[in-house]
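*Asks:*
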Amino acid sequence: MPELPEVETVVRGLRPRLVGRRLARVETRRRDLRIPFSPRLAERLTGRRVEAIDRRAKYILMRLDGSETVLAHLGMAGRMTLRQRPNDPPGPHDHVVMTTDDGWELRFNDVRRFGLMILVSSAELERHALLADLGPEPLSKAFDAAVFEAAIAGRRTPIKAALLDQKTVAGIGNIYASEALFRAGVSPKRLALRCRGERADKIVAGIKSVLNDAIAAGGSTLRDYVQADGELGYFQQRWAVYDREGQKCPGCRCKGAIRRIVQSNRATYYCPDRQK
DNA sequence: CTACCATCCTGGTTGC
DNA sequence: TGCAACCAGGATGGTA
6 MPELPEVETV VRGLRPRLVG RRLARVETRR RDLRIPFSPR LAERLTGRRV EAIDRRAKYI
66 LMRLDGSETV LAHLGMAGRM TLRQRPNDPP GPHDHVVMTT DDGWELRFND VRRFGLMILV
126 SSAELERHAL LADLGPEPLS KAFDAAVFEA AIAGRRTPIK AALLDQKTVA GIGNIYASEA
186 LFRAGVSPKR LALRCRGERA DKIVAGIKSV LNDAIAAGGS TLRDYVQADG ELGYFQQRWA
246 VYDREGQKCP GCRCKGAIRR IVQSNRATYY CPDRQK
């Protein structure tokens with residue numbers, strides 16, 4: 006479930022094993038992802054040193070020596086796994102396999118092939134089409150109520166849809182959009198332009214708190230951010246409303262049940278009693 | 001500018 | 001048990 010917190014947890018899992026290491030061997034397997042690999046990706050990665058690993062929205066940025074950066078996205082179903090000297094062969098959905106000079110193996114796995122892994126000039130990274138139009142990082146100081154209000158001003162779209170729009174704020178996906186609005190007490194159907202003042206404050210606070218909690222949960226449930234099976238950053242969390250249609254609204258005395266509606270072809274969950 | 005829909009893929013779940 | 005329909009964490013592009 007790669008939204009921002011999951012990607013952040015993956016990045017934190019990759020860092021201690023990869024930063025400072027050289028990629029001794031890189032193999033691309035299936036190349037027909039929705040967005041194809043950069044030409045000769047494997048050859049261009051081989052022998053490079055990993056300088057840093059960062060995240061922007063739901064993108065993973067693996068900065069290499071030689072002024073190039075691996076830009077990766079997990080799509081709907083992408084995974085990263087990290088194991089030491091594995092003896093099992095890559096599976097059918099392992100599209101990239103990287104082996105470090107000290108024997109760790111990273112596999113980029115994506116059943117649905119909606120993810121991507123390309124190589125971009127580090128100098129042009131911010132201007133790259135995939136990153137250029139992204140809104141602010143929700144956990145940064147730069148993202149506050151004033152910035153948020155400006156971003157949604159005049160927009161006659163439901164606030165849930167506005168939160169999914171990566172230009173409004175970057176990294177929120179379908180689960181955390183519902184969860185943030187629940188925390189804020191704002192109906193997902195409310196028009197964005199009607200979310201000013203206190204509501205904007207609460208939505209911003211709801212976004213930050215739910216993302217921080219999810220990151221903390223990811224970190225706390227994983228040892229060194231790598232599970233025994235090599236899986237990075239996927240943790241179980243009980244959502245307050247997501248996927249809980251018909252259940253009681255948690256932690257409050259409202260008599261209503263959580264409702265599921267469809268907005269922009271995506272499921273939205275909310276408590277009609279608590280969210281106005 | 002907006003809503004709405006289809007599309008890219010595969011696999012797990014649900015319902016008949 | 002078999003099989004088809006439906007659903008899924010993302011993002012884009014077309015149409016009205």
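Just so we're on the same page, the numbering used here is the position in the first sequence counted from 1, plus 5. We treat Cβ as the ideally placed atom computed from N, Cα and C, and that holds for glycine.
(1) So what does DSSP say about Arg22, is it helix, strand or coil?
(2) Compute the beta-carbon to beta-carbon distance between Asp59 and Val16, rounded to the nearest angstrom, for a pair I have assumed lies under 8 Å.
(3) Just to confirm, is the Cβ distance from Arg160 to Ala167 under 7 Å?
(4) Grab me the residues of Pro255's own chain with a C-beta within less than 6 Å of its C-beta, minus the 5 sequence neighbours each way, in chain order.
(5) Is Asp206 helix, strand or coil by DSSP?
(6) According to the Cβ coordinates, are Arg22 and Trp109 closer than 7 Å?
(7) Are Thr74 and Val125 close, meaning C-beta to C-beta below 7 Å?
(8) Taking just the CA atoms, how far does Pro91 sit from Val116?
(9) In this structure, what does DSSP give as the bridge partners for Gln268?
(10) Should Ser183 and Gln280 be called a contact, given that it needs their Cβ atoms to be closer than 7 Å?
(11) Restricting to Cα atoms, I'd like to know which of Ile65, Arg45, His98 is closest to Leu136.
(12) Any idea if Glu282 is buried or exposed, counting beta-carbon neighbours within 10 angstroms, 16 or more meaning buried?
(13) Exposed or buried, which one is Leu44 when buried takes at least 16 other CB atoms within 10 Å?
(14) Is the beta carbon of Val215 sitting closer than 7 Å to the one on Arg243?
(15) Our contact map puts Arg34 next to Asp99 with C-beta atoms below 8 Å; I'd like the distance itself, whole angstroms only.
(16) Which residue's Cα is closest to the Cα of Asn270: Lys165, Lys260, Glu236?
(17) Just to confirm, is the Cβ distance from Pro7 to Leu87 under 7 Å?
(18) Spatial neighbours of Leu198 within its chain, please: C-beta separation below 7 Å, excluding the five flanking residues on both sides.
(19) Alpha carbon to alpha carbon, how far is Ile123 from Arg36? Give it in angstroms, no decimals.
(20) By Cβ distance, which residues of its chain are closer than 6 Å to Asp278, with the 5 residues on each side in sequence left out?
(21) Between which residues of its own chain and Gly235 is the CB-CB distance below 6 Å, once the five residues before and five after are set aside?
(22) Within its chain, find whatever has a CB closer than 7 Å to the CB of Gln282; leave out the 5 residues flanking it on each side and keep chain order.
(23) Sort Tyr275, Leu9, Asp106 by Cα distance to Arg54 and report the nearest one.
(24) How would you write the range of the alpha helix (DSSP H) that Asn179 sits in, first residue to last?
(25) Suppose the cutoff is 8 Å on Cβ atoms and the five residues either side in sequence are ignored; what does the same chain contact list for Arg61 look like?
(26) Quick one: measure Cβ to Cβ for Ala205 and Phe153, integer angstroms, because I've assumed they're closer than 8 Å.
(27) Between the Cα of Gly71 and the Cα atoms of Arg84, Gly83, Ala57, Ile177, which residue gives the shortest distance?
(28) In whole angstroms, what separates the C-alpha of Gly18 from that of Gly83?
*Replies:* Once the coordinates are examined:
(1) helix
(2) 7 Å
(3) yes
(4) Ala245
(5) helix
(6) yes
(7) yes
(8) 20 Å
(9) Arg271
(10) no
(11) Ile65
(12) For the chain, the structure presents residues 6 to 281; residue 282 sits outside this window and is missing.
(13) Note that residue 44 corresponds to Pro in the displayed sequence, not to Leu. Result: exposed.
(14) no
(15) 6 Å
(16) Lys165
(17) no
(18) In its chain, beyond the 5 residues on either side, Ile157, Ala158, Gly159, Arg160, Arg161 have a beta carbon closer than 7 Å to the beta carbon of Leu198.
(19) 11 Å
(20) Cys259, Gly261
(21) Thr86, Leu87, Arg88
(22) Outside the displayed span of the chain (6 to 281) sits residue 282, for which this structure offers no information.
(23) Asp106
(24) 179 to 189
(25) Leu136, Leu139, Glu142, Ala175
(26) 5 Å
(27) Ala57
(28) 15 Å
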